[in-house]
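Here's the structure, in structure tokens; my notes come after.
Written out as structure tokens, the structure reads:
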């Protein structure tokens, strides 16, 4: 399988001129001060389709022969890749067919429709991405169309690599660290190829969501492996299996690959929005979310974090807040056993809760012929250290039943 080179990446950059935006590389004063470093954000969240995916999609489709273009292109995606393909089809006046699972949020379907205009047909089929991908492959074979893969493709990787080219050209000094997200590995493989060739001293750190560490699994096994189950919350980087080509490049070129808890990603999304007025999707927050883990190493260094995209669905805001509070130790769920008598709830509020504790969730079911009735109670506290006292008072007053945060089996069933 042909691997990208500096020359092929430069050619991709020329091909993408006036097609993609040269997104800004911005020094962030707040993060620079917090981590005592020169910290720059590569703002791919400001790209034309609000992610870097347009770079690879256009570079791939524009490389096809006239006969291949006439037969059209196909992809399976419920996210940024579909938008990049759709936009490219509209620019090149190519027929595209995009397969998406039926549960895909309407907002994402509408975005693909908007970018693709009359050049793209959307097929909603199957319950999962795998179902949609299987149908896409069948359609592609039957119609002799070209499948536009999301990451494991020479032209795709070359296109994504132009992010790294722009970083080196726009950074006033040599980059000491570059932090970037990893899903299937296209962005990481491309940027690493370019940077390690022209700036070998730069350390490149790849970040995966803790619930989908597919690149780390591949490196550990010595080949790409399919994870049986993944947490799809960081949907732009939640991939069950990385590509063969992206694996080979990342294994050789990345200095480190680490996992970031989904809750930490959520806290970072909120931090970027509240403190910097920057809106990112979960995958787009991975690079900044990793900084706490490296704060001693990066002090006094030139650091670049790639914000890979901003296609965040506003309906996910409450879930993002919830996951952040749980990760920070500020939200706790209990099964509370209330005596079935008048005044029990008042007693719980007055004698168990602290002055700044707040009940944010309450589900109670009265039980007949029993002394107590169970309630699912969510409590938000001001500091993690206050949990110990809360639990102690609950036990002393005979209200305590079960602490659910430590019980993933019950927590998944009752809360999430």
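Numbering (the UniProt record's numbering), first residue to last: 1 to 416. Using N, Cα and C, we set each Cβ at its ideal position, and we do this for glycine too. What you are looking at is a predicted structure, and each value in this text was computed from that prediction instead of being measured.
Separation of residue 39 and residue 301 (C-alpha to C-alpha, rounded to the nearest whole angstrom) is 8 Å. Following the DSSP letters along the chain, one finds residue 360 in no alpha helix (DSSP H) but inside the beta strand (DSSP E) bounded by residues 358-364. About 6 Å separates the beta carbons of residue 83 and residue 112, which is inside the 8 Å limit, making them a contact pair.
Residue 191 sits in a helix when the DSSP states are folded into three classes.
Inter-residue distance for residue 213 and residue 319 is about 22 Å (C-alpha atoms, whole angstroms).
For residue 411, the CB contacts under 6 Å within the same chain, skipping 5 residues up- and downstream, are 404 in chain order. Within the same chain, and ignoring the five residues on either side of residue 122 in sequence, the residues whose Cβ sits closer than 7 Å to its Cβ are 98, 100, 109, 112 and 113. Secondary structure remark: continuous alpha helix (DSSP H) runs of at least 4 residues inside the region 148-220, in chain order: 154-170 and 186-198. Put simply, the region 306-322 does not touch the region 54-73. Fewer than three CB pairs are less than 8 Å apart. Put simply, the backbone Cα of residue 291 is about 9 Å away from that of residue 179. Secondary structure within the region 271-334: the beta strand (DSSP E) runs of 3 or more consecutive residues, fully enclosed, are 302-307 (chain order). Annotation for residue 142: the continuous alpha helix (DSSP H) segment containing it runs 129-143.
Cβ-Cβ separation between residue 157 and residue 56: approximately 7 Å, consistent with a contact (criterion under 8 Å).
Here residue 141 is exposed: its Cβ has fewer than 16 other Cβ atoms, across all protein chains shown, within 10 Å. CA-CA distance, residue 146 to residue 130, rounds to 18 Å. For residue 120, the closest C-alpha among the options 332, 235, 229 and 74 is that of 74. Here residue 222 is exposed. Its C-beta has fewer than 16 other C-beta atoms within 10 Å.
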